[in-house]
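A.B. asks:
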Amino acid sequence: MDIDGRLVERAPALHAERNCPVTVLFGDGHEGAPDHAPYDVIVGWCTPTYLPGTWLKQVRPGGVISTPIYVAPVARTVGHLRATVTDQAALADPTLGSATYVDMAAR
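Each residue of the sequence shown is one higher than the one before, counting from 1 in our numbering.
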């Protein structure tokens with residue numbers, strides 16, 4: 001998923017060349033893709049400004065969210081979060097590691 005239509009147009013062919021079937025969507029990553037849910041895993045490849053609640057609702061219970069996340073407002077401190085989603089759409093067993101990613105932009 002990306003908000004840049006040019007990337008969304010190019011991605012299917014690039015992945016097909018590598019025999020990697022993917023679904024490519026144009027949209028705001030903060031909203032997720034509810035029409036394709038539930039997911040076993042959501043992987044963030046850029047840093048959202050906050051952990052979107054929509055992601056928690058779109059991952060099946062027992063599924064995983066793996067994403068960079070802001071851990072402090074000081075100098076935009078980023079870490080990598082990996083957590084399991086509970087049946088109440090909450091995070092369990094979170095682990096935090098070091099990370100550097102680009103910021104997620106909204107449409």
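A virtual CB, placed ideally from N, CA and C, is assigned to each residue, including glycine. Keep in mind the model is a prediction, meaning the values are calculated, not measured.
Under 8 Å: do the region 47 to 63 and the region 99 to 106 share three or more Cβ pairs, one atom per stretch?
C.D. replies: With a cut-off of 8 Å, the region 99 to 106 and the region 47 to 63 count as touching, because enough Cβ pairs lie within range.
A.B. asks: Report yes if the C-beta distance between Val59 and Val85 is below 8 Å; otherwise report no.
C.D. replies: Cβ atoms of Val59 and Val85: closer than 8 Å.
A.B. asks: If you run the structure through DSSP and keep just helix, strand and coil, what is Gly97?
C.D. replies: Reduced to three states, the DSSP call for Gly97 is strand.
A.B. asks: Report the CB separation of Glu31 from Thr54 in whole angstroms; it is logged as a contact under 8 Å.
C.D. replies: Glu31 to Thr54, Cβ: 6 Å. Contact.
A.B. asks: Among the candidates Val43, Phe26, Pro21 and Leu56, whose CA atom is the shortest distance from the CA of Asp2?
C.D. replies: It is Phe26.
A.B. asks: According to DSSP, Gly29 sits in a beta bridge with which residue or residues?
C.D. replies: Answer is none; Gly29 lacks a bridge partner.
A.B. asks: Please give me, in chain order, every unbroken run of the alpha helix (DSSP H) with length at least 4 that falls completely inside the region 16 to 76.
C.D. replies: Complete alpha helix (DSSP H) runs here, min 4: 53 to 58.
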